[in-house]
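Protein chains: 2
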Amino acid sequence: MSVAITQHKTGRSTVAKGIRQISRASIEARILAAAESVFAESGFSGATTAEIAKRTGVPKANLHYYFKTKEDLYRQVLQGILELWLGTGDQILPEIDPAQALSHYIAAKMELARQRPLASRVFANEIIHGAPQISDFLQDELRDWVDRKAEVVDGWIAAGKMKPVDARHLFFMIWANTQTYADFAVQIAAVLGRSQLLPEDYDKAGRQLAEIVLQGCGLKMPAQWPPAE
Amino acid sequence: MSVAITQHKTGRSTVAKGIRQISRASIEARILAAAESVFAESGFSGATTAEIAKRTGVPKANLHYYFKTKEDLYRQVLQGILELWLGTGDQILPEIDPAQALSHYIAAKMELARQRPLASRVFANEIIHGAPQISDFLQDELRDWVDRKAEVVDGWIAAGKMKPVDARHLFFMIWANTQTYADFAVQIAAVLGRSQLLPEDYDKAGRQLAEIVLQGCGLKMPAQWPPAE
DNA sequence: AAAAAACTTGATCAAACGGTCAAGAATCGT
DNA sequence: ACGATTCTTGACCGTTTGATCAAGTTTTTT
């Protein structure tokens, strides 16, 4: 019985603690989402904690309860974005067909630009202003990532599967092109005479980028576009 | 004699006025240069008039004598940058060979990224944050520019001089790739394991971009790279 | 030479902002 | 049930910043 009670108690408190954790995680997530949109719109300096609090729907003091400083909040927003960055490119492996791998990567990056343009803009802003918070990430994780992927590409080239190109600049090309449709969306929309970019714009951009990149690497477009999961 | 005196006076005053204008233009140019670097580093919100004044070497109050407000100064910095933007691409004309025209354009844009990275960053920052100051430019001048150039490209395609590609997305591709080496220089340098980008990096990037773009358009690289003026 | 115009600059101000605090409300552990 | 912990919030504070001003200096005009 004491065991039962203890179990009951333990069960109750565990559930309660679980609920509190979920609730805490939930409000933190809401703050982070609001912060991402404000940082994307205004940059780090232009963003105000008051605006982030307002979009979250909590008083400013409450926001500072969950995130000590604005910089702290900004770092955590960036953290989530960096995980997105390295999360793509899992198909770039020696045993995969290069045309398949590259078109898959391009499609995934373009999809990210379409679905998470705010994240892309926060990232871009951070880099443009000298990457004060993420220079370690760039020099360590990202550089390693590129080194590994470049080895794969070089392997394809050595095996005669594609034309010789500089693998690193190839990645820069794919990054630049896909991110430009998130970061510079207003410019592209203006030139296209639209108020905002449409799904078909991203689709066309991704397809043409894949066509030109693959062609430039001496590869054939896969029959299916966008490539299957 | 009165004529001579008058001439002398007029001469003196004209020269004096000329000197004053030159002097005024000179200090304004120094302020604009300092402002460009501060806006590039910190964005519009992050930039302070105190820092701009400090880099110019004048008291803050003096800066406000020449430029009424920070926004005013920012607009004039942008103005100069927009003129750079439209100043390239003069070789994209119906009668020019497409391979020649495109490789020339790519080289010119890459050269701009190398020589005016601050300008590129100020521009990028403005666009990322919604282009509050230059949406008119994007919708009018830039859109017209692209419309005209796209017609030229479409003409080349119709004449069978190059493979059919979407001309607008082709320009977006060139812009994205060249500007990325200015805007994201710290990221690219980090991935390449350098402290900063070297001339040879820009050179390699430009050459590979031209190779891939031209190949993608079914064109041959010109014998000479970078192309002659 | 003297009045007018243009320029310089230290001091100052009001607004905005990041962050704190204390007091209270809600929830949790036992 | 009740003390302890966690959370909420309006009020408040020190700093930063864009901008102004007034007093003075230099240059220009006549």
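Chains A and S, in that order, are what the protein sequence lines are. Per our numbering: the first sequence = residues 5 to 233. Per our numbering: the second sequence = residues 5 to 233. For glycine and all other residues, C-beta sits at the position ideal for the given N, C-alpha and C. No experiment lies behind these values; they were computed from the predicted model shown.
Spatial neighbours of L88/A in its own chain (CB-CB distance under 7 Å, excluding positions within 5 residues in sequence) are listed in chain order as L116, R120, A123.
Closest in alpha carbon position to A232/S, among A38/S, Y109/S, L223/S, Q200/S, is Y109/S.
For E215/A, the closest alpha carbon among the candidates K224/S, M177/S, M225/S is that of M177/S. Shown here, G93/A sits in coil according to DSSP, grouped into three states, outside any helix or strand. Taken through DSSP and simplified to helix, strand or coil, R198/S comes out as coil.
Close partners of F43/S in chain A (Cβ separation under 7 Å) are lacking, with about 10 Å as the shortest Cβ gap. Annotation: the continuous alpha helix (DSSP H) that includes A54/A extends over 53 to 60.
For Y185/A and S107/A, the gap between their C-alpha atoms comes out near 17 Å.
Short of 8 Å from the beta carbon of T92/A, and not among the five residues preceding or following it, lie these beta carbons of its own chain, in chain order: Y109, A112, K113, L116. Listed along chain S are I131, G134, A135, S139, L142, each with a C-beta nearer than 8 Å to that of V190/A. Excluding residues up to 5 positions away in sequence, T53 lie with their Cβ nearer than 7 Å to the Cβ of K74/A in the same chain. In the same chain as R34/S, and ignoring 5 residues on each side of it, the C-beta atoms closer than 6 Å to its own belong to T60, in chain order. Counting the other CB atoms within 10 Å of its CB gives R79/A a total below 16, which places it among the exposed residues. One alpha carbon belongs to A189/S, the other to L201/S, and they sit about 7 Å apart. The Cβ atoms of A128/A and I192/S do not sit closer than 8 Å to each other. Residue range 171 to 187 is occupied by the alpha helix (DSSP H) that includes F176/S. Rounded to the nearest whole angstrom, the C-alpha separation of V62/S and R125/A is 35 Å. The straight-line gap separating the alpha-carbon atoms of L77/S and G220/A is approximately 43 Å. Not a single C-beta of chain A is nearer than 8 Å to the C-beta of L86/S. When only Cα atoms are considered, R28/A and V81/A end up about 16 Å apart. Distance from the CA of E45/A to the CA of Y69/S, rounded to the nearest whole angstrom, comes to 31 Å. Close to chain A, meaning a Cβ-Cβ distance shorter than 8 Å, are the following residues of the region 149 to 170 of chain S: V150, V169, D170.
Within chain S, the residues placing a beta-carbon under 8 Å from that of G50/A are G47, F48, S49, G50, H133, ordered along the chain. With the criterion set as a beta carbon lying under 8 Å from some beta carbon of chain A, the members of the region 195 to 220 of chain S are V195, L196, G197, K208, A209, Q212, L213, E215, I216, V217, Q219, G220, in sequence order. Around the beta carbon of L67/A, a 10 Å sphere encloses 16 or more other beta carbons of the protein chains shown; the residue is thus reported as buried.
With contacts defined by Cβ atoms closer than 8 Å, G84/A and M166/A do not form a contacting pair. Residue environment: Q183/S is assigned as buried (16 or more neighbouring CB atoms within 10 Å of its CB, all protein chains considered). Sequence-distant Cβ neighbours of A135/S in its own chain, meaning closer than 7 Å and more than five residues away, are L142. Here the C-alpha atom of D205/S lies approximately 13 Å from the C-alpha atom of N181/S. Under the three-state reduction of DSSP, D151/S is assigned to helix.
Residue contact check for M114/S against chain A: no CB pair falls below 8 Å.
Here P102/A is buried: its Cβ has 16 or more other Cβ atoms, across all protein chains shown, within 10 Å. Between R211/A and K64/A, the alpha-carbon positions lie close to 45 Å from each other. Assigned with DSSP and collapsed to three states, A105/S falls in helix. DSSP places Q228/S outside both helix and strand once states are collapsed to three, so it counts as coil.
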